[in-house]
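As they're listed, the protein sequences go chains A and B. Position 91 of the first sequence, counted from 1, bears residue number 90 in numbering that gives the first Met the number 0, the numbering being contiguous throughout. Position 14 of the second sequence, counted from 1, bears residue number 13 in numbering that gives the first Met the number 0, the numbering being contiguous throughout. Cβ coordinates follow ideal geometry from the N, Cα and C atoms, glycine included.
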Amino acid sequence: MGMKSDKTLIVKGKRLDGRGAEDMRPIKITAGVIKQADGSCEVQFGETKVIAAVYGPKKVLPRRYEESTRAYLKVYYFMAAFATSERNRPGPSRRSTEISKVIKESLANAVDLDKYPQTEISVYIEVTNANAGTRTAAINAASVALVDAGIEMRDIVTSVAAGKVEGQVILDLMQDEDNFGQADLPVAILPRTNEISLIQMDGDMTPDEVKKAFGMCIKACQKIAKLQREAIVNKYKQEGGNNDE
Amino acid sequence: MANEKIHVKDREIVIPGDVLAEGMSYIPSGKAIREDKNIISVSLGLTSIKGHVVKVIPLAGRYIPKRGDAVIGKITGSAKFGWMTNIRCPFDADLPIAEASHSYLDTNRYPMSKFFAVGDFIFANVTEVSNRRFVRLSARNRPYRKLHDGIVIEVSPTKIPRIIGKQGSMIKMLKESSGCDILVGQNGLVWIKNDDPEKQMIMVNAIKLIETDSHKTGLTEKVAKLLKGGK
Numbered sequence: 000m001g002m003k004s005d006k007t008l009i010v011k012g013k014r015l016d017g018r019g020a021e022d023m024r025p026i027k028i029t030a031g032v033i034k035q036a037d038g039s040c041e042v043q044f045g046e047t048k049v050i051a052a053v054y055g056p057k058k059v060l061p062r063r064y065e066e067s068t069r070a071y072l073k074v075y076y077f078m079a080a081f082a083t084s085e086r087n088r089p090g091p092s093r094r095s096t097e098i099s100k101v102i103k104e105s106l107a108n109a110v111d112l113d114k115y116p117q118t119e120i121s122v123y124i125e126v127t128n129a130n131a132g133t134r135t136a137a138i139n140a141a142s143v144a145l146v147d148a149g150i151e152m153r154d155i156v157t158s159v160a161a162g163k164v165e166g167q168v169i170l171d172l173m174q175d176e177d178n179f180g181q182a183d184l185p186v187a188i189l190p191r192t193n194e195i196s197l198i199q200m201d202g203d204m205t206p207d208e209v210k211k212a213f214g215m216c217i218k219a220c221q222k223i224a225k226l227q228r229e230a231i232v233n234k235y236k237q238e239g240g241n242n243d244e
Numbered sequence: 000m001a002n003e004k005i006h007v008k009d010r011e012i013v014i015p016g017d018v019l020a021e022g023m024s025y026i027p028s029g030k031a032i033r034e035d036k037n038i039i040s041v042s043l044g045l046t047s048i049k050g051h052v053v054k055v056i057p058l059a060g061r062y063i064p065k066r067g068d069a070v071i072g073k074i075t076g077s078a079k080f081g082w083m084t085n086i087r088c089p090f091d092a093d094l095p096i097a098e099a100s101h102s103y104l105d106t107n108r109y110p111m112s113k114f115f116a117v118g119d120f121i122f123a124n125v126t127e128v129s130n131r132r133f134v135r136l137s138a139r140n141r142p143y144r145k146l147h148d149g150i151v152i153e154v155s156p157t158k159i160p161r162i163i164g165k166q167g168s169m170i171k172m173l174k175e176s177s178g179c180d181i182l183v184g185q186n187g188l189v190w191i192k193n194d195d196p197e198k199q200m201i202m203v204n205a206i207k208l209i210e211t212d213s214h215k216t217g218l219t220e221k222v223a224k225l226l227k228g229g230k
């Protein structure tokens, strides 16, 4: 961020890939991609690809994390070595630890942890292709995977980012816009009540621009929530072939 | 009454956060809860609407033990008090020596593995789930016992009610059509025994079919067809 791009990112209101300011990249959500997991999901936001798998409720390991009245939610966010343009050293890093933490806190707002005392619910998220917006895609994937695993939740969690590029507020940044833009604002909400479960900001925006970006995110989240719902319903419609409903 | 509204039909797939009905005259059941005036679903499930009762039957999820459940467990080890078992739940389940059999087990004279060895399967009753989540089993009285021979398959615990059927109709059909001995544990393990391995395999396929198609209509006919076709 803050670097100068050698190309103009917005020409006549159109972005590099032809989107308008309030358009998202094409989204594809598939539930149940990993058979061994209790629940799983793959989310694609344009080039960004994220896979999430949920295991549990199961025995807490290590034992010292056990909580007597609620479940221990374990969230790991990883980026594959081949996910970025230059090799990304695999394993935990400062960045992945931080993102794991914010995703965990965002999901904990929706998951009914009190229903599963003394157990652990693990969420493993792997970014297989990074093109900006991985944490928001990860939240979308993780919440569909949690639903797929049959974990009790108050609502699903839906997330998208907005930002500022060349003085314009735009939705769902891609890599170049993220690198050369002026600000990035990831937002996660619970779509039924519009409660906010994650909001971060990086860069400079005026209060009015923040409001505008935030409004865009909320509107977009409602659209994504419908896609998340569809993904789960489709899994059950396809399973076993013909459906005589 | 004003603002009484139902948003879902019977047997519809719902996900957490879906508003199923509005108004105080509706009653939540199963995995549905009331939030203010709305009835919302808290789990992935199938709706069941009977009058004003809105119920959500879960479609996925792991087994959480309750007192009185009949389960199939695998012996994982032995200690002074008895045996440790795995009943596919997040907690350890113990089978004390006194609860293992109707007769007296003389553990001074014989090794404990003479009665239950590691890897054996048992059909047992959950007698206690303490608030510290220690689970105790009992296999003292019939039909609870050690399972000799046969095979044990895993299914999703949420599909067990469909394998049993209404008042045992499905399990009765499975047993009568093949002559297999079948025991269903509420933790999602099913024990099948028949001297003819082919019949065992037909039964495995039938149960897998119930697992994948449990949320669809016409399940009984499909299973009956499979059982007939296999013979």
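- request: Please list the partners that residue 58 of chain B has in chain A, where partner means a Cβ-to-Cβ separation under 9 Å.
  value: What residue 58 of chain B touches in chain A: 149 and 235.
- request: Pick helix, strand or coil for residue 243 of chain A, following the three-state DSSP scheme.
  value: Confidence at residue 243 of chain A is low in this model, with a pLDDT of 40, below 50, so its placement is unreliable and the value that follows should be read with caution. In this structure, residue 243 of chain A counts as coil in the three-state DSSP scheme.
As assigned by DSSP and simplified to three states, the class of residue 145 of chain B: Strand at residue 145 of chain B.
Simplified DSSP state of residue 230 of chain B, which is helix, strand or coil: Low confidence applies to residue 230 of chain B: its pLDDT is 48, below 50, so where it sits in the model is not reliable enough to give any reading.
Residue closest to residue 15 of chain B, alpha-carbon to alpha-carbon, out of A:34, A:30, A:167 and A:111: Put simply, of A:34, A:30, A:167 and A:111 the residue whose alpha carbon is nearest the alpha carbon of residue 15 of chain B is A:111.
message: To test your reading of the DSSP string, which unbroken alpha helix (DSSP H) runs of 4 or more residues are found completely within the stretch 169-212 of chain B?
response: For the stretch 169-212 of chain B, whole alpha helix (DSSP H) runs of length 4 or above, ordered along the chain, are 196-212.
query: Who are the Cβ neighbours of residue 216 of chain A in its own chain at under 6 Å, not counting the five residues just before and after it?
result: So the qualifying residues of the chain are 159, 161 and 186.
query: Does the Cβ-Cβ distance between residue 131 of chain A and residue 41 of chain A come in under 9 Å?
result: No, the Cβ-Cβ distance between residue 131 of chain A and residue 41 of chain A is not below 9 Å.
query: Nearest to residue 165 of chain A by alpha carbon, out of A:176, A:220 and A:156?
result: Distances from the alpha-carbon of residue 165 of chain A to those of A:176, A:220 and A:156 put A:176 closest.
field: residue 19 of chain A (DSSP reduced to helix, strand or coil)
entry: Three-state DSSP puts residue 19 of chain A in coil, outside helix and strand.
message: Check for me: the beta strand (DSSP E) holding residue 93 of chain A runs from which residue to which?
response: Element bounds for residue 93 of chain A: not the beta strand (DSSP E) but the alpha helix (DSSP H), 93-107.
Those residues which DSSP pairs with residue 46 of chain B across a bridge: DSSP lists B:55 as partners of residue 46 of chain B.
message: Any beta carbon from chain B within less than 9 Å of residue 141 of chain A's own beta carbon?
response: At a cut-off of 9 Å between C-beta atoms, residue 141 of chain A does not count as an interface residue with respect to chain B.
- prompt: Under 8 Å Cβ-Cβ, which residues of chain A neighbour residue 214 of chain B?
  reply: In chain order: 235.
message: With a threshold of 9 Å between beta-carbons, can residue 230 of chain B be considered close to chain A, or not?
response: Annotation note: pLDDT 48 at residue 230 of chain B (below 50); position unreliable, coordinate value reported separately. Closer than 9 Å: no.
message: Taking 9 Å as the threshold (beta carbon to beta carbon), is residue 9 of chain B in contact with chain A?
response: Using beta-carbon distances, residue 9 of chain B does not count as an interface residue toward chain A, since no partner is under 9 Å.
task: Report the residue ranges of all beta strand (DSSP E) runs contained in full by the stretch 46-118 of chain B; include only those spanning at least 3 residues, in chain order.
output: With a minimum length of 3 residues, the unbroken runs of beta strand (DSSP E) contained wholly in the stretch 46-118 of chain B fall at 52-57, 69-77, 81-85 and 92-95.
message: Check whether the stretch 208-218 of chain B and the stretch 154-167 of chain B touch, using three or more Cβ-Cβ pairs below 8 Å as the test.
response: When C-beta atoms of the stretch 208-218 of chain B are compared with those of the stretch 154-167 of chain B, three or more pairs fall below 8 Å, so the two segments count as touching.
- request: Return the residue from the list B:76, B:91 and B:126 that minimises the CA-CA distance to residue 98 of chain B.
  value: Closest by alpha carbon: B:126.
query: Going along the chain, which residues of the stretch 193-214 of chain A sit with their C-beta nearer than 7 Å to a C-beta in chain B?
result: The stretch 193-214 of chain A vs chain B, Cβ under 7 Å: nothing.
- prompt: Cβ atoms of residue 193 of chain B and residue 177 of chain B: under 9 Å apart, would you say?
  reply: For residue 177 of chain B and residue 193 of chain B, yes; Cβs fall inside 9 Å.
- prompt: Is it a yes or a no for the stretch 110-117 of chain B touching the stretch 61-68 of chain B, going by three-plus beta-carbon pairs under 8 Å?
  reply: The way I'd put it, the stretch 110-117 of chain B doesn't touch the stretch 61-68 of chain B; fewer than three beta-carbon pairs between them come closer than 8 Å.
message: Can you confirm whether residue 242 of chain A, when its beta carbon is compared against all beta carbons of chain B, has any partner nearer than 9 Å?
response: Because residue 242 of chain A carries a pLDDT of 41, less than 50, the predicted location of this residue cannot be relied on, and the following value inherits that uncertainty. Cβ-Cβ to chain B under 9 Å: yes for residue 242 of chain A.
- prompt: Is the shortest distance between the beta-carbon of residue 239 of chain A and the beta-carbons of chain B less than 9 Å?
  reply: Only weak support exists for where residue 239 of chain A lies, its pLDDT of 47 falling under 50; the coordinates are left without a value.
field: Proximal chain B residues relative to residue 231 of chain A, where beta-carbon distance stays under 9 Å
entry: Contact note: residue 231 of chain A reaches chain B through 12, 14 and 43, using a C-beta cutoff of 9 Å and chain order.
Short CB-CB distance (under 9 Å) between residue 59 of chain A and chain B: The beta-carbon of residue 59 of chain A is placed less than 9 Å from the nearest beta-carbon of chain B.
query: If we cut at 9 Å on Cβ distances, does residue 154 of chain A have a partner in chain B?
result: Residue 154 of chain A counts as touching chain B.
message: When you compare the CB of residue 64 of chain A with every CB in chain B, is at least one pair closer than 9 Å?
response: Contacts with chain B at 9 Å (Cβ-Cβ) do not include residue 64 of chain A.
query: Closest Cβ-Cβ distance between residue 39 of chain B and chain A: below 9 Å?
result: So, interface residue.
message: Using 8 Å for Cβ pairs, my map puts residue 75 of chain B next to residue 121 of chain B. What's the rounded Cβ distance?
response: In fact, because the Cβ distance is near 11 Å, the residues do not count as touching under 8 Å.
Opening and closing residue of the beta strand (DSSP E) in which residue 67 of chain A lies: Where residue 67 of chain A is concerned, there is no enclosing beta strand (DSSP E), given that its DSSP letter is neither H nor E.
field: Option in B:69, B:5, B:179 and B:27 with minimal Cα separation from residue 92 of chain B
entry: Per the Cα distances, B:69.
field: Delimiting residues of the beta strand (DSSP E) encompassing residue 176 of chain A
entry: Careful: residue 176 of chain A lies outside any beta strand (DSSP E), inside the alpha helix (DSSP H) at 174-179.
query: Is the Cβ of residue 118 of chain A closer than 9 Å to any Cβ of chain B?
result: Among the residues facing chain B, residue 118 of chain A is included, as its CB has a counterpart in that chain under 9 Å away.
Where residue 135 of chain A falls: helix, strand or coil (DSSP): DSSP places residue 135 of chain A in helix when its eight states are reduced to three.
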